[in-house]
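This report concerns only the one structure given below.
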Amino acid sequence: MTQMNYTDKTTRVAIIANGKYQSKRIASKLFSVFKDDPDFYLSKRNPDIVISIGGDGMLLSAFHMYEKELNHVRFVGIHTGHLGFYTDYRDFEVEQLIEDLRHDQGEKIAYPILSVEITLEDGRLIRGRALNESTIKRIEKTMVADVLINQVKFESFRGDGISVSTPTGSTAYNKSLGGAVLHPTIEALQLTEISSLNNRVFRTLGSSLIIPKKDVIEILPQRLGNYTLSIDNKTFTHRNVVKVTYTIDRKKINFVSSSNHTSFWERVRDAFIGDIEP
Ligand code: NAP
Ligand code: MN
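Add 1 to a position in the sequence shown, counting from 1, and you land on the number used in our numbering.
And the structure:
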């Protein structure tokens, strides 16, 4: 597709949709509107705005597609279904999104993300970023790992594994694990246990920990073997993991600030409580 009248003021827009019929329909509508609008330039490369169409899961994928361009990219989510946590627009609000983008002044809402660093036995270092959470688990046997906070040993963990979530990820896997829901303006990480073993011999804190910005969490597995690590929707296995380090990343994820951006507590209520009948 070719577009004319490209100027410095043109907003470069990438449209990413999941495979659902409804998502594809919205994507083609947006394509046809922006294609003929000189203020916008459709491009998957080097975009200013990434429009993700689908659910929160789709926004996670969009984040990972553009995680190396967080400095200049802003995201906006359209949800085909119930309203999500990362999605400000519903499928029937596409016209409003188009209008909002036409009047957009570049305002943004920023949320913290998680930095993950995995050290392997051979010295290799694998780096990643999570928008929701990262986990380390040992599947075949109990995971035994030292948990350090700012280089000081906090506890010796035994159990299935550990999850470290961002504030916006606190409503995802973290919540299923019994973690607290954290408002995203609180720049902190949450360490949550996955089935810890607690008896007279082995002891962990038992509750989840809210860890402030600049603090460093280190997980040091004490047994050789395979470890399953996850970063958001991706999972991989590594042998003999020496250390996993979690910190709040220097970068943040930026969203297009919109009139549709409802309060976090309303989203939590709508997602988990619903309408309460007296
Ligand atoms: P998925 O298994 O297809 O969906 C996981 C569900 O979590 C979807 O309903 C998704 O919403 C929702 N979700 C995603 N991010 C959320 C958030 N920040 N707050 C509240 N709900 C959220 O996997 P996926 O869509 O690729 O998402 C990967 C995520 O699944 C992981 O980051 C992890 O948080 C979560 N997960 C949860 C469990 C658990 O609760 N036991 C186990 C593994 C993974 P949409 O329907 O809008 O996409
Ligand atoms: Mn999903």
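Ideal placement from N, C-alpha and C gives every residue a C-beta, glycine not left out.
Note that the structure is a prediction, hence the values are computed from the model and not measured.
Considering only C-alpha positions, which residue in the set the options is nearest to residue i?
{"i": "I127", "options": "N241, S135, E118 and S44", "result": "E118"}
{"i": "L206", "options": "F35, K235, I163 and N72", "result": "I163"}
{"i": "S166", "options": "R159, E156, L178 and G160", "result": "L178"}
{"i": "M66", "options": "S260, I254, A111 and S264", "result": "I254"}
{"i": "A18", "options": "H73, T11, T88 and R251", "result": "T88"}
{"i": "V245", "options": "S116, R224, V202 and I220", "result": "I220"}
By Cβ distance below 6 Å, which residues in the same chain neighbour residue i in space, the five residues on each side in sequence not counted?
{"i": "A15", "result": "K45, P48 and V51"}
{"i": "S62", "result": "none"}
Which same chain residues, not among the five before or five after residue i, have their C-beta less than 8 Å away from its C-beta?
{"i": "E267", "result": "none"}
{"i": "T238", "result": "N227, Y228, T229 and L230"}
Just mark residue i as buried or exposed, buried being the case when its beta carbon has 16 or more other beta carbons within 10 Å.
{"i": "K214", "result": "exposed"}
{"i": "I140", "result": "exposed"}
{"i": "I274", "result": "exposed"}
{"i": "H83", "result": "exposed"}
{"i": "S197", "result": "buried"}
{"i": "L60", "result": "buried"}
{"i": "E100", "result": "exposed"}
{"i": "H80", "result": "buried"}
According to DSSP, is residue i part of a helix, a strand, or is it coil?
{"i": "N227", "result": "strand"}
{"i": "S209", "result": "coil"}
{"i": "D233", "result": "coil"}
{"i": "T193", "result": "strand"}
{"i": "T3", "result": "In this predicted model, T3 has a pLDDT of only 49, less than 50, meaning its place in the structure is not dependable enough to derive any value."}
{"i": "G284", "result": "Given a span of 2 to 279 for the chain in the structure shown, any question on residue 284 remains unanswerable."}
{"i": "E188", "result": "coil"}
{"i": "K252", "result": "strand"}
Please go through the same chain and pick out, in chain order, the residues whose beta-carbon is closer than 7 Å to the beta-carbon of residue i, but skip the five residues on each side of it.
{"i": "M154", "result": "At residue 154 the sequence reads Lys, which differs from the Met that was named. Around K154: D147."}
{"i": "N199", "result": "T205 and G207"}
Every unbroken alpha helix (DSSP H) inside the stretch 13-53 [4 residues or more]
22-36
Quick check on the DSSP output: what are the complete alpha helix (DSSP H) runs of length 4 or more inside the stretch 45-132, in order along the chain?
57-66 and 95-103
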